[in-house]
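The opening residue of the sequence shown carries number 432 in this note's numbering; numbering runs sequentially from there. Each residue gets a CB set at the ideal place from its N, CA and C atoms; glycine is no exception.
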Amino acid sequence: MKPLPRSFYARDTVQVARDLLGKRLVRRSRTGLTSALIVETEAYLERTDPACHTFRGKTPRNAAMFAPPGHLYVYMIHARWCLNVVTAAEGIGDAVLIRAAEPRDGLPLMRDRRQREDDRELTRGPARLAEALDIDGKLNGYDLTLGRRLWLCDAPDDWADESLIATSPRIGISVNQQAPLRFFVVANRYVSGPQKLNRRP
């Protein structure tokens, strides 16, 4: 499970958001190894997107988004953690929110962390995903290219077929809602939001 290189992240943020679908998110902790296939993402763009955390500039909270591509930006909302992958060039505050994933490795450990038996409830949504994979603020700014505690890699069952990918407006935000920057795997049961309004990219 070789980690994706920095060059994967150092590209157009929207393209990275699409290309993350089907990649494996792997977490190694003291309690064991867990992983999940990414099935839903959202792109956030510093320069043109009022919904992006860096739209109004750099702050202590969003500083990780200006790090070199391939770092992690973890933030808390409603007392729950969410994880983002930093993209584009260093100094540009772009990132991709990992909204949902399909659990693969370490399901018993995920069930214990989430206190849920239904596998669909483990990683369907950004906060659930973070909890299931034991991702919190301590990993904010972490370098995903190291391949140690947390990383992304290719998967044998990568979503190579473009017909499996759709896009839609983002969800759960109050500004710039209609921007078609949410990407997901069509008909996947772990996608967190509605699919009936989605359209092909």
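Put A494 into one of helix, strand or coil per three-state DSSP. Residue state, collapsed to three classes: helix.
Taking the alpha-carbon of D619 as reference, which of R478, P436, T554 has the nearest alpha-carbon? The sequence given here has Asn at residue 619, not Asp. Checking every option, the nearest Cα to that of N619 belongs to T554.
List the residues that DSSP assigns as beta-bridge partners of F615. BP columns for F615 point to E471, A597.
Nearest neighbour of Y506, chosen from E562, M541, R478, R579 [CA to CA]: Closest by C-alpha distance to Y506, out of E562, M541, R478, R579, is E562.
Just to confirm my understanding: we take T444, look at its own chain, exclude 5 residues before and 5 after, and list those with CB closer than 7 angstroms. What are they? Residues A474, L476, T518, A519, D525, V527 of the same chain have their beta carbon placed closer than 7 angstroms to that of T444, with the five preceding and five following residues left out of the count.
Name the DSSP bridge partner or partners of G463? Under the DSSP definition of a beta bridge, G463 partners with S460.
Reduced DSSP category for V606 - H, G, I as helix; E, B as strand; rest coil: Residue state, collapsed to three classes: coil.
CA nearest to the CA of I469, picked from L577, A482, D585: Out of L577, A482, D585, D585 has the C-alpha closest to the C-alpha of I469.
Residues bridged to M507 [DSSP beta-bridge criterion]: In the DSSP output, where bridge partners are listed per residue, M507 has W512.
Other residues of its chain near S438: CB distance less than 6 angstroms, five sequence neighbours each side excluded: For S438, where only same-chain residues beyond five positions count, there are no Cβ hits under 6 angstroms.
With DSSP as the reference, label V517 as helix, strand or coil. Strand at V517.
For the beta strand (DSSP E) containing P534, name the first residue and the last one. 526 to 536 is the span of the beta strand (DSSP E), which, as asked, contains P534.
Going by beta carbon distance, what residues of the same chain come within less than 6 angstroms of N629, once the five residues before and after it are set aside? With a pLDDT of 47 at N629, under the threshold of 50, the modelled position of this residue cannot be trusted, and the question is left open.
Once the 5 residues before and after R449 are set aside, which same chain residues still bring their CB inside 6 angstroms of it? Within the same chain, Cβ atoms closer than 6 angstroms to the Cβ of R449 are found at F614, the five residues on either side in sequence being excluded.
Distance CB(L540)-CB(T465) smaller than 7 angstroms: Cβ atoms of L540 and T465: closer than 7 angstroms.
If you reduce the DSSP assignment to three classes, tell me which class P499 lands in. It is coil, neither helix nor strand.
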